[in-house]
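J.:
Given below as structure tokens:
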């Protein structure tokens, strides 16, 4: 399964890497030096998590192939191979989830150290932390943090404004993605249709918001088209049968689990409805890339 996003992996590594550089040579304050070391750890943890996620996805594809072969042939050896492949898949995803949880933990340390930094620095760490939570399977917690991050962002005309706009793009992209992952996992886990459909609707609404925002901002046609295609993928989730869904590979960056922590929006949160009119310069997003 593929979502249309530009260079997500490269962007995923950029926040902590660039911030580590920002607090690198020439910055002698003790707190900044400590922050730089923590960010180095976060970058290393994130790199390992990305690799383990890729390994888990490879194990997932191998398990799908093994199960298909066993299903098509009444063969004890193939059945045993499928069982081993499924077990290896579970181990691989557990390792990836643990690595993402470690990444989130280190980024929490960084958040405390950088609390007094300018908004683009603090929000970049906050975005990376929320992303790590989602990839670790804490989708509800990660989505809540992304919602809060978007709510807290204020348009700015100063030099930090462009950075904040780019962060808003990434945050809403991650939010829509988190809701898609969560809805898919909830459906596969057998949650009531009303519950997982409420979550998939939030994914679809955010992609619609992004497509309209890209159009309003005069973005390239490809950006608008990619957001629209992502919305269609959410519709595909809603309209596919369970048998069809089970036959498809899960999104490459998706965690496993049952989408815990997702459900009705928290009290006081309105959410983004398709009828919402995006404001100029707010709520942007990038596309979602291969292996979504």
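Residue numbers (the numbering used here): 81 to 372.
A virtual CB, placed ideally from N, CA and C, is assigned to each residue, including glycine.
Which class does residue 297 belong to by DSSP, given the choice of helix, strand or coil?
T.: Within the chain shown, the letter at position 217 stands for residue 297. In this structure, residue 297 counts as coil in the three-state DSSP scheme.
J.: In whole angstroms, give me the CA-to-CA distance for residue 284 and residue 191.
T.: What you label residue 284 is simply residue 204 of the chain shown in a count that begins at 1. What you label residue 191 is simply residue 111 of the chain shown in a count that begins at 1. In a straight line, the C-alpha of residue 284 is about 30 Å away from that of residue 191.
J.: Is the Cβ-Cβ distance between residue 336 and residue 170 less than 9 Å?
T.: Sequence index remark: in the chain shown, residue 336 carries index 256 (1-based). Sequence index remark: in the chain shown, residue 170 carries index 90 (1-based). Cβ distance < 9 Å, so residue 336 and residue 170 count as in contact.
J.: Express the C-alpha separation of residue 197 and residue 108 in angstroms, rounding to a whole number.
T.: Position 28 of the chain shown holds residue 108. Position 117 of the chain shown holds residue 197. With a pLDDT of 45 at residue 108, under the threshold of 50, the modelled position of that residue is not reliable, and the figure given next carries that caveat. Rounded to the nearest angstrom, the two C-alpha atoms are 15 Å apart.
J.: Within 10 angstroms of the Cβ of residue 151, are there 16 or more other Cβ atoms? Answer buried if so, exposed if not.
T.: Mapped onto the chain shown, residue 151 falls at position 71. Looking at its Cβ environment, which holds fewer than 16 other Cβ atoms inside 10 Å, residue 151 is exposed.
J.: With 16 as the cutoff for other CB atoms within 10 Å, does residue 261 come out buried or exposed?
T.: Looking up residue 261 in the chain shown gives position 181. Per the 10 Å Cβ criterion, buried.
J.: Candidates 304, 295, 281 and 206: which alpha carbon is nearest residue 316's?
T.: Here residue 316 is taken as the residue at index 236 of the chain shown, counted from 1. Per the Cα distances, 281.
J.: Quick one: what's got a C-beta closer than 7 Å to residue 295's C-beta in the same chain, skipping five residues either side?
T.: The sequence position of residue 295 within the chain shown is 215, counting from 1. Taken in chain order, the residues that qualify are 304.
J.: Based on Cα-Cα distance, which residue from 165, 277 and 179 lies nearest to residue 121?
T.: Within the chain shown, numbered from 1, the residue matching residue 121 stands at position 41. Ranking the options by Cα distance to residue 121, first place goes to 179.
J.: Just to confirm my understanding: we take residue 268, look at its own chain, exclude 5 residues before and 5 after, and list those with CB closer than 7 Å. What are they?
T.: The count along the chain shown starts at 1 and reaches residue 268 at position 188. Cβ neighbours of residue 268 beyond the five flanking positions: 325.
J.: Can you tell me the Cα-Cα spacing of residue 116 and residue 199, whole angstroms?
T.: Working through the chain shown from its first residue, we reach residue 116 at position 36. Working through the chain shown from its first residue, we reach residue 199 at position 119. Approximately 17 Å, taken between the alpha carbons.
J.: Fully enclosed by the segment 256 to 326, which alpha helix (DSSP H) runs are 4 residues long or longer?
T.: Counting only runs of 4 or more, we get 273 to 296 and 301 to 319.
J.: Cβ atoms of residue 184 and residue 132: under 9 Å apart, would you say?
T.: For the purposes of this step, residue 132 is taken as the residue at position 52 of the chain shown. For the purposes of this step, residue 184 is taken as the residue at position 104 of the chain shown. In this structure, residue 184 does not lie closer than 9 Å to residue 132 by Cβ.
J.: Going by beta carbon distance, what residues of the same chain come within less than 8 Å of residue 230, once the five residues before and after it are set aside?
T.: Here residue 230 is taken as the residue at index 150 of the chain shown, counted from 1. So the list reads 248, 251, 252, 255 and 363, once near-sequence residues are dropped.
J.: Measuring only the C-alpha atoms, how far is residue 189 from residue 209?
T.: Within the chain shown, numbered from 1, the residue matching residue 189 stands at position 109. Within the chain shown, numbered from 1, the residue matching residue 209 stands at position 129. Taking the straight line from one Cα to the other gives about 10 Å.
J.: Hey, residue 218 and residue 340: beta-carbon distance below 9 Å or not?
T.: The residue you call residue 218 lines up with position 138 of the chain shown. The residue you call residue 340 lines up with position 260 of the chain shown. Cβ distance < 9 Å, so residue 218 and residue 340 count as in contact.
J.: DSSP three-state label for residue 231, please.
T.: By one-based count along the chain shown, residue 231 stands at place 151. Residue state, collapsed to three classes: helix.
J.: For residue 223 and residue 273, which I take to be in contact (beta-carbon distance under 8 Å), what is that distance rounded to the nearest angstrom?
T.: Start at 1 with the first residue of the chain shown, and residue 223 comes out as number 143. Start at 1 with the first residue of the chain shown, and residue 273 comes out as number 193. Actually they do not touch by this definition, with Cβ atoms about 20 Å apart.
J.: Give the range of the alpha helix (DSSP H) segment to which residue 170 is assigned.
T.: As a working note, residue 170 is residue 90 in the chain shown. Run containing residue 170: 156 to 193, per the alpha helix (DSSP H) assignment.
J.: Under the rule that 16 or more other beta-carbon atoms within 10 Å means buried, what is residue 164, buried or exposed?
T.: Counted from its first residue, the chain shown places residue 164 at position 84. Flag for residue 164 reads exposed.
J.: Measuring alpha carbon to alpha carbon, tell me which of 212, 288, 293 and 311 ends up nearest residue 130.
T.: What you label residue 130 is simply residue 50 of the chain shown in a count that begins at 1. Cα-wise, what sits closest to residue 130 is 212.
J.: Using 8 Å as the cut-off, classify the Cβ of residue 186 as near or not near the heavy atoms of the ligand MG, replying yes or no.
T.: In the structure shown, the ligand MG is absent, as is every other ligand, since no ligand is present at all.
J.: Leaving out the 5 sequence neighbours to the left and right, which residues in its chain are closer than 7 Å to residue 329 when beta-carbon positions are compared?
T.: For the purposes of this step, residue 329 is taken as residue 249 along the chain shown, with counting starting at 1. 81, 140, 141 and 144.
J.: Measuring alpha carbon to alpha carbon, tell me which residue in 176, 167 and 205 is nearest residue 119.
T.: Counted from its first residue, the chain shown places residue 119 at position 39. For residue 119, the nearest C-alpha among the options comes from 205.
J.: Check each candidate in 194, 216, 306 and 225 and name the one with the smallest Cα separation from residue 207.
T.: Here residue 207 corresponds to residue number 127 of the chain shown, with the count starting at 1. The residue with the shortest Cα to Cα distance from residue 207 is 225.
J.: Can you give the Cα-Cα distance for residue 311 and residue 286, rounded to whole angstroms?
T.: Sequence index remark: in the chain shown, residue 311 carries index 231 (1-based). Sequence index remark: in the chain shown, residue 286 carries index 206 (1-based). Straight-line Cα distance between these residues: approximately 8 Å.
J.: Is DSSP giving residue 332 helix, strand or coil here?
T.: Reading the chain shown from its first residue, position 252 is the one you call residue 332. If DSSP states are grouped into helix, strand and coil, residue 332 belongs with coil.
J.: To which residues of the same chain is residue 159 closer than 8 Å at the C-beta, ignoring the five residues directly before and after it?
T.: To locate residue 159, count along the chain shown from 1; it is residue 79. Cβ neighbours of residue 159 beyond the five flanking positions: 150.
J.: Kindly indicate which three-state DSSP category residue 215 falls into: helix, strand or coil?
T.: Looking up residue 215 in the chain shown gives position 135. Reduced to three states, the DSSP call for residue 215 is helix.
J.: Can you tell me which of 147, 114, 194 and 123 puts its alpha carbon nearest to the alpha carbon of residue 327?
T.: Looking up residue 327 in the chain shown gives position 247. When each option's Cα is compared against that of residue 327, the closest is 147.
J.: Let me know the secondary structure DSSP gives residue 252 once reduced to three states.
T.: In the chain shown, the residue the question calls residue 252 occupies position 172. Residue 252: helix per DSSP, three-state reduction.
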